[in-house]
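Just so you know, we're using my numbering here: the sequence shown kicks off at -9 and counts up by one.
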Amino acid sequence: MTQKTGNDLTNRFRLEIQSTCVISLCAVKTIITITLSGLALLGCKSIAAEPAKTKSAVKVETPSIPIHQAAYKGSVDIIKQHLAAGTAVDSTNQYGSTPLHYAARSGKANAAKLLIASQAKVNLKDSKEITPLHMAASGGHSAVVALLLANGADHKITCGERKEPALFAAVNKNRTEVVKLLLSKGADLQAKDAFAATAIDSAVDKGLPEMVMLLAKNGANVNGSGGTSPLHKAASTGQKEIVEILIANKANVNVTIAFGDTPLDWALRNGKNDIAAILKKNGGKTGEELEATN
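Pasting the structure below:
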C-alpha cells in the first residue's frame, strides 16, 4: 500500500471542501428557484419584476359655463375650474374680449383679481379697441379701476373709434369717483381724442356741470386749445350753469375761434339770449365789437 504524504492529505481536504461548497451553492440556487416558481404559481409577483406605480393626474372637467360668462358674473370657483382644466386665462371670444374684459365691465373685483393673479394681460384690446380699464372706467367701477392700475394698466392707452384715454370714458359717463382716481394717478387733462377734443370738451358736450367743475378745479384748460372753446359750446347750446362755472374758473369770455367768433356771437346766433346777457355782464363782446376796439 502506498503511503500518503502530508501534501496529498492536504490537497484531498481542499477538494472535499470545494466540492461541498459547490454542492451547497447549487442547492441554495435550486431552493430559491423552486421557491420563486412556487410563488409564481400562487399568483405572487417578484418585487423586482413589479413596475413602480405612478400617480395618475386627476382630469379636471371644463365647466359648461364659458369662462367669459363666469367672469362677468364673478363666479370665482368656475373660473378656477376653467383654469385648472386648461382654459387660457386670456382666451378671446367672438368679440375679441378676454375674461378680464368681462370682469371689468361688470365690476367684479374678485374675478378680476383672480384673473390678474393668474397672469391675465391687463392692457389687451378687444375687437373694438377697448381695454379692460376703459370698460371699468366707463362703468364707474372704482375698485376694479384701482386694481387694474395697481397691476400695470396704462390709463394713457387710447381706445375706441375716437381714440380716447380712460379719463374720457369716465367723464362721458359722469363717473366722478373714477375721474378723481385717474387724476390722482396722473391722467392728463390736456390729452385729446381723435377729434382734438379734451376731457372738459366732452363734459360740456354731455351737459355735465359737476364734471366740468371737477375738471376745471383740477387744471383743465377752460379756454380750449385752438378749436371750439368750451365756452363757445356751452353758450351756443344754452347751458347756463356750465357757462357760469367756466366764467367762475377764469374762462376768457372773449376767446375767439375761426372767423373771429366769440362765445357771445354763438349765443346770439342760436337765440340764447339769457346766455348772451350773462356773457355781456361779464364783459363779453361780439367779434365785430372786438375788432372795432383793436
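A virtual CB, placed ideally from N, CA and C, is assigned to each residue, including glycine.
Check whether residue i and residue j have beta carbons under 8 Å apart
i	j	result
F193	L205	The amino acid at residue 193 is misidentified as Phe; the sequence shows Ala. Cβ distance < 8 Å, so A193 and L205 count as in contact.
I237	N208	no
N113	A160	no
N244	G274	yes
I268	K223	no
A102	L137	yes
T188	C149	no
A184	K153	yes
E281	G250	yes
A68	L104	Looking at the sequence itself, residue 68 is Ile, so the reference to Ala does not match. Contact: no.
A133	A93	no
V212	I190	yes
H124	P89	no
W277	T246	Reading off the sequence shown, one finds Gly at residue 277, where the question assumed Trp. Yes, the Cβ-Cβ distance between G277 and T246 is below 8 Å.
Residue i classed as buried or exposed, judged by whether at least 16 other C-beta atoms fall within 10 angstroms
i	result
Q84	exposed
D255	buried
K196	exposed
F158	buried
K98	buried
S81	exposed
R259	exposed
A257	buried
T252	buried
S96	buried
K262	buried
T283	exposed
S87	buried
A214	The question names Ala, yet the displayed sequence has Gly at residue 214. Buried, since its Cβ has 16 or more Cβ neighbours within 10 Å.
S117	exposed
S174	exposed
S54	exposed
Residue i, DSSP secondary structure in three states
i	result
E279	helix
E167	helix
E200	helix
A38	Low confidence applies here, because A38 scores a pLDDT of 45, under 50, leaving its location unreliable and the question unanswered by this model.
E154	strand
Anticipated Cβ contact below 8 Å, residue i with residue j, distance rounded
i	j	result
A156	A186	That belief does not hold up - the Cβ atoms of A156 and A186 are roughly 18 Å apart, past 8 Å.
I106	N141	5 Å
A225	I265	5 Å
L221	A241	5 Å
N100	G130	Rounded, the Cβ-Cβ distance is 18 Å, inconsistent with contact.
I169	V135	It should be noted that the sequence gives Val, not Ile, for residue 169. Actually they are not in contact, since the Cβ atoms of V169 and V135 sit about 10 Å apart, beyond 8 Å.
E200	T227	That pair is no contact at about 17 Å.
heavy atom of the ligand FMN below 7 Å from residue i C-beta
i	result
E231	Among the components modelled here there is no ligand, and therefore nothing to report on the ligand FMN.
is_contact[residue i, chain D] using C-beta, thresh 8 Å
i	result
V50	No chain D appears in this structure, which consists of one protein chain only.
Is it the case that the region 70 to 81 contacts the region 47 to 61, given that we only count it when at least three CB pairs across the two stretches are under 8 Å?
yes
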